[in-house]
Amino acid sequence: MRYVFITGTTGGLGASLLGAFQEDRIISITRRKVQTDIRLYREFHIDFLDEGTLAEEILDIFGSINPVAGDEIFLINNAGTVGPVKSVKNMDAKGYLDNYKVNVLAPALFIKGFIRSFKALDARKKILTVSSGAALSPMEGWAAYCTSKAAVNMLSCVTRTETSGLDSPVLSSTFRPGVIDTGMQKEIRESDPKEFPNIDKFKNYKSEDRLLDPDFVASILKKIITSDDFAESANYDIADYI
Numbered sequence: 096m097r098y099v100f101i102t103g104t105t106g107g108l109g110a111s112l113l114g115a116f117q118e119d120r121i122i123s124i125t126r127r128k129v130q131t132d133i134r135l136y137r138e139f140h141i142d143f144l145d146e147g148t149l150a151e152e153i154l155d156i157f158g159s160i161n162p163v164a165g166d167e168i169f170l171i172n173n174a175g176t177v178g179p180v181k182s183v184k185n186m187d188a189k190g191y192l193d194n195y196k197v198n199v200l201a202p203a204l205f206i207k208g209f210i211r212s213f214k215a216l217d218a219r220k221k222i223l224t225v226s227s228g229a230a231l232s233p234m235e236g237w238a239a240y241c242t243s244k245a246a247v248n249m250l251s252c253v254t255r256t257e258t259s260g261l262d263s264p265v266l267s268s269t270f271r272p273g274v275i276d277t278g279m280q281k282e283i284r285e286s287d288p289k290e291f292p293n294i295d296k297f298k299n300y301k302s303e304d305r306l307l308d309p310d311f312v313a314s315i316l317k318k319i320i321t322s323d324d325f326a327e328s329a330n331y332d333i334a335d336y337i
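Going letter by letter, the sequence shown gives residues 96 to 337 in this note's numbering.
What follows is the structure in C-alpha cells.
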C-alpha cells in the first residue's frame with residue numbers, strides 16, 4: 096500500500112499531483128476544501144499561517160493512517176508562496192514572516208511529524224520538498240522567496256544527515272520544478288514592476304508558451320519519488336528530465 100501526504104493541492108502543481116497519485120491513498124493538506132473528482136483518502140484543512148494550530152495537529156494528520164511493514168509512505172511538501180514580491184528595502188517584518196511560515200516552517204513541522212510518526216516502521220519512507228531555481232539565483236523583488244527556498248534546501252539536507260543512521264531510513268530530497276503554468280505565475284506577472292524589474296521576462300514565458308504544463312511536472316515528480324534510487328541526489332531539477 097502506498098500513502099501519499101501532499102500539501103497545497105487546491106491548484107497548480109498540487110492539483111496535478113492528485114491526478115498523478117490517484118491510484119494511491121492520498122492525504123491532502125490544504126487551507127480550504129479541494130474541488131476535485133479524485134477520491135481522497137483523507138483531507139485536512141489548516142491555514143499554514145496559523146503555526147500554533149498546525150503544530151498541534153501534525154501528529155493527528157500522520158496518525159490518520161495505519162501503515163504496516165512493507166508499505167510506502169511519501170510526504171510531498173508542495174505548498175508554497177512567492178509573495179510578497181518586494182525589494183529588500185521595502186519588505187516589512189510581516190511579509191518575511193508570512194512567507195517563511197508557508198515556505199519553511201510548515202515543511203519543517205511536517206518533516207518533524209513524519210519522522211516522529213514513522214521512524215520505527217519498516218517501510219519505504221520518502222520526503223520530497225518542492226524547491227525552486229530561485230534558491231540558487233538571486234532575483235530582485237524575491238528576497239523572501241529566494242531565501243526561503245534556499246532554507247528548505249538546507250532543511251532537507253539536514254534531514255538527510257540526521258536520518259541516515261536510522262535502521263529504517265527516511266529518505267529526503269528537494270525538487271526544482273521549473274517555471275510552471277500555474278496561479279503563482281499569474282501572480283508574478285501581476286507584480287509591481289517597480290518592485291520586480293524582471294516582470295517582462297515572466298510575461299514572455301506566458302506569451303511565448305514556454306511555461307511547463309503542471310501535469311507533466313507532476314509526472315516527473317512522481318517518477319523521481321517512486322524510483323528505486325530516490326535520494327541518491329540531494330536535489331533534483333526538472334531540466335534534467337526535459
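All C-beta atoms, glycine included, are put in the ideal place defined by N, C-alpha and C.
Bear in mind that the values here come from a model prediction, so they are computed numbers and not experimental data.
Do the CB positions of S123 and E290 come within less than 8 angstroms of each other?
Counting from 1 along the sequence shown, the entry for residue 123 is found at position 28. Counting from 1 along the sequence shown, the entry for residue 290 is found at position 195. Against a cut-off of 8 angstroms, the Cβ pair of E290 and S123 comes out as no contact.
Are at least three pairs of beta-carbons, each pair with one atom in the segment 235 to 250 and one in the segment 304 to 311, less than 8 angstroms apart?
no
Across the segment 246 to 261 and the segment 312 to 329, are there enough close Cβ pairs to call them in contact, namely three or more that are closer than 8 angstroms?
yes
Since I believe F157 is in contact with S212 (beta carbons under 8 angstroms), could you give me their beta-carbon distance rounded to a whole number of angstroms?
Residue numbering aside, residue 212 sits at position 117 when the sequence shown is read from its first letter. Residue numbering aside, residue 157 sits at position 62 when the sequence shown is read from its first letter. Confirmed, about 4 angstroms.
Taking the straight line between their C-alpha atoms, what separation do you get for V312 and I206?
Translated into the one-based positions of the sequence shown, residue 312 becomes position 217. Translated into the one-based positions of the sequence shown, residue 206 becomes position 111. About 23 angstroms.
Contacts around T104, its chain only, beta-carbon distance under 7 angstroms, and the 5 residues preceding and following it disregarded
Taking the first residue of the sequence shown as position 1, residue 104 is located at position 9. Excluding sequence neighbours, T104 sits near A110, L112, L113, S123, T125 and V129.
Can the beta-carbon of G147 be found closer than 8 angstroms to that of P309?
Numbered from 1 along the sequence shown, position 52 holds the residue referred to as residue 147. Numbered from 1 along the sequence shown, position 214 holds the residue referred to as residue 309. Their beta carbons are not under 8 angstroms apart, which means G147 does not touch P309 by this criterion.
In the structure shown, what three-state DSSP assignment does V99 receive?
Indexing the sequence shown from 1 puts residue 99 at position 4. The answer is strand: DSSP assigns V99 an E or B state.
Can you tell me whether R211 is helix, strand or coil according to DSSP?
Numbered from its first residue, the sequence shown carries residue 211 at position 116. Of the three classes helix, strand and coil, the one that applies to R211 here is helix, per DSSP.
What are the start and end residues of each continuous alpha helix (DSSP H) run of 4 or more residues lying completely inside the segment 123 to 201, in chain order?
146 to 157 and 188 to 195
In chain order, what residues of the same chain have a beta carbon less than 6 angstroms from the beta carbon of Q117, not counting five sequence neighbours either side?
Within the sequence shown, residue 117 is the residue found at index 22, counting from 1. The residues are I133.
Tell me N248's beta-bridge partners as DSSP assigns them.
Here residue 248 is taken as the residue at index 153 of the sequence shown, counted from 1. Beta-bridge pairing links N248 to no other residue.
When you compare each of D335, T102 and I320 to K44 by their alpha carbons, which one comes out closest?
There is no way to answer for residue 44, as the model of the chain reaches only from 96 to 337.
Assumed close pair I141, Y98 - CB separation to whole angstroms, cut-off 8 angstroms:
Counting from one through the sequence shown, the residue named residue 141 turns up at place 46. Counting from one through the sequence shown, the residue named residue 98 turns up at place 3. 18 angstroms between Cβ atoms; not a contact.
Just verifying my parser: in three-state terms, what is the DSSP assignment at L261?
The residue given as residue 261 occupies position 166 in the sequence shown. Coil at L261, not helix or strand.
State the Cα-Cα distance for the pair S267 and S227, rounded to the nearest angstrom.
Locating residue 267 in the sequence shown gives position 172, counting from the first residue. Locating residue 227 in the sequence shown gives position 132, counting from the first residue. If you take the alpha carbons of S267 and S227, they lie about 16 angstroms apart.
For N330, the residue or residues it bridges with in DSSP:
Taking the sequence shown and counting its residues from 1, one reaches residue 330 at position 235. T269.
Answer with buried or exposed for A334, where buried requires no fewer than 16 other C-beta atoms within 10 angstroms of its C-beta.
Reading the sequence shown from its first residue, position 239 is the one you call residue 334. Classification for A334: exposed.
Can you have a look at R219 and say buried or exposed, based on whether 16 or more other CB atoms are within 10 angstroms of its CB?
Residue numbering aside, residue 219 sits at position 124 when the sequence shown is read from its first letter. Burial call: buried.
So, at 8 angstroms on beta carbons, what are the nonlocal neighbours of L135 in its own chain, with the 5 sequence-adjacent residues on each side left out?
Counting from one through the sequence shown, the residue named residue 135 turns up at place 40. Closer than 8 angstroms at Cβ, skipping near neighbours: L113, I121, I122, S123 and V129.
Continuous alpha helix (DSSP H) stretch holding R284: start and end
Position 189 of the sequence shown, counted from the start, is the residue given in the question as residue 284. Segment G278 to R284, the alpha helix (DSSP H) holding R284.
C-alpha distance - S232 paired with G278, whole-angstrom precision:
Locating residue 232 in the sequence shown gives position 137, where the first residue counts as 1. Locating residue 278 in the sequence shown gives position 183, where the first residue counts as 1. C-alpha separation (whole angstroms): 22 angstroms.
Flag this pair as yes or no: are the beta carbons of G165 and V197 separated by less than 8 angstroms?
For the purposes of this step, residue 165 is taken as the residue at position 70 of the sequence shown. For the purposes of this step, residue 197 is taken as the residue at position 102 of the sequence shown. The answer is no: Cβ separation not under 8 angstroms.
K317 burial status per 10 Å Cβ neighbour count (16 or more: buried)
For this step, residue 317 is matched to residue 222 along the sequence shown. Classification for K317: buried.
A201 and L149 closer than 8 angstroms at C-beta:
Position 106 of the sequence shown, counting from 1, holds the residue named residue 201. Position 54 of the sequence shown, counting from 1, holds the residue named residue 149. In this structure, L149 lies closer than 8 angstroms to A201 by Cβ.
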